[in-house]
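These notes concern the structure reproduced below.
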Amino acid sequence: MKRKRGMIRKAGIVLGIAVWLGVTPGLNLMGSPYPPPPDEQRDPHPYYKPWPPILLPEGCSTLLSRGCKVTAKDPAQRILGDLKLITDGNKEIDAYVELMPGPQWIQIDLGEEKEVHAICLWHYHDDMRVCHDVVVQISNDEAFVDGVVTVFNNDHDNSSGLGKGEDKEYVEGRYGRPFAVDAVKGRYVRCHSNGYTFGLGRSRGGMSRYTEVEVFGWHLNQAGTGDKAQDWGQPPRERRALVIQYPTTGWHVHE
Ligand SMILES: [Ca+2]
Ligand SMILES: [Ca+2]
């Protein structure tokens, strides 16, 4: 009986340590509502390598978002960081915005209607973090009621209610998540997120973090350049790789 009690106590200690460390892959030991993504929904792209280059028509790779005004779903739910940090050009992890757990969004006002050709997201890349329900939308409607175009969506189970997405969840490294956009016109870019899983299997929290979002494209008043050349019966402009400046710190330094 004494031996049995000792074994139960030992098992309890081991389980307690496992729960404390959150070491069991795939188990949501912390009881968080933000489980790790199922394997089939995880992008196999290695987080420590650049993503494949994005080829854009000449003139369509202008950085449109630097210094633009940023708003959030609810200013009262901002925990850390000025929203200006999201468009200030610094993508390092020393300055970030942190929002309360649950569905959140931040929104960039490009000032006027632009033609968007690519976006790059950096949430927080100092650990092996998977952000959930990453949905990016573009609209000319500040309230995102009319004319909303979704350009990225990895909410595979539609838990955010914005529609089921076909993009994969990914581990964020210093290369963030650049993706091409098919010349979508709009003034506002809204980026949704809903918590994260840390280390692929360890649920650690539901906050959303952002260090930077960059939007690339074409000024509609930029006459004579970009894909518009095709509209004028001219041959298509040469497509060139988008050059993105990546942060120098992050998990890559541990490789
Ligand atoms: Ca920044
Ligand atoms: Ca989801």
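Position 138 of the sequence shown, counting from 1, maps to 138 under the numbering used here, and the rest follow consecutively. Note that the Cβ used here is the ideal one computed from N, Cα and C, for glycine as well.
Residue i CB to nearest heavy atom of ligand 2 below 6 Å
| i | result |
| --- | --- |
| Asp-43 | no |
| Ser-315 | Nothing can be reported for residue 315: it is not among the residues displayed for the chain, which extend from 1 to 255. |
| Asp-167 | no |
| Arg-39 | The amino acid at residue 39 is misidentified as Arg; the sequence shows Asp. No, the Cβ of Asp-39 stays beyond 6 Å of every heavy atom of ligand 2. |
| Asp-155 | yes |
| Asp-82 | no |
Chain-order list of residues whose beta-carbon lies under 7 Å from that of residue i (same chain, five-residue window excluded)
| i | result |
| --- | --- |
| Ser-160 | Pro-103, Asp-133, Val-135, His-192, Asn-194 |
| Leu-220 | Glu-113, Lys-114, Glu-115 |
Reduced DSSP category for residue i - H, G, I as helix; E, B as strand; rest coil
| i | result |
| --- | --- |
| Lys-164 | coil |
| Asp-39 | helix |
| Pro-75 | helix |
| Lys-69 | strand |
| Thr-248 | coil |
Cβ-Cβ distance between residue i and residue j below 7 Å
| i | j | result |
| --- | --- | --- |
| Glu-238 | Glu-98 | no |
| Trp-122 | Glu-212 | yes |
| Ile-108 | Ser-139 | no |
| Pro-184 | Val-148 | The question names Pro, yet the displayed sequence has Val at residue 184. Contact flag unset, no. |
| Gly-217 | His-117 | yes |
| Glu-169 | Arg-42 | yes |
| Gly-173 | Tyr-47 | yes |
Ligand 1 heavy atom lying under 6 Å from the CB of residue i
| i | result |
| --- | --- |
| Thr-71 | no |
| Asp-94 | no |
| Thr-211 | yes |
| Asn-90 | yes |
Residue(s) in a DSSP beta bridge with residue i
| i | result |
| --- | --- |
| Pro-57 | Arg-239 |
Cut-off 6 Å between Cβ atoms - residues of its own chain near residue i, not counting five sequence neighbours on either side
| i | result |
| --- | --- |
| Gly-176 | Cys-120, Leu-121, Trp-122 |
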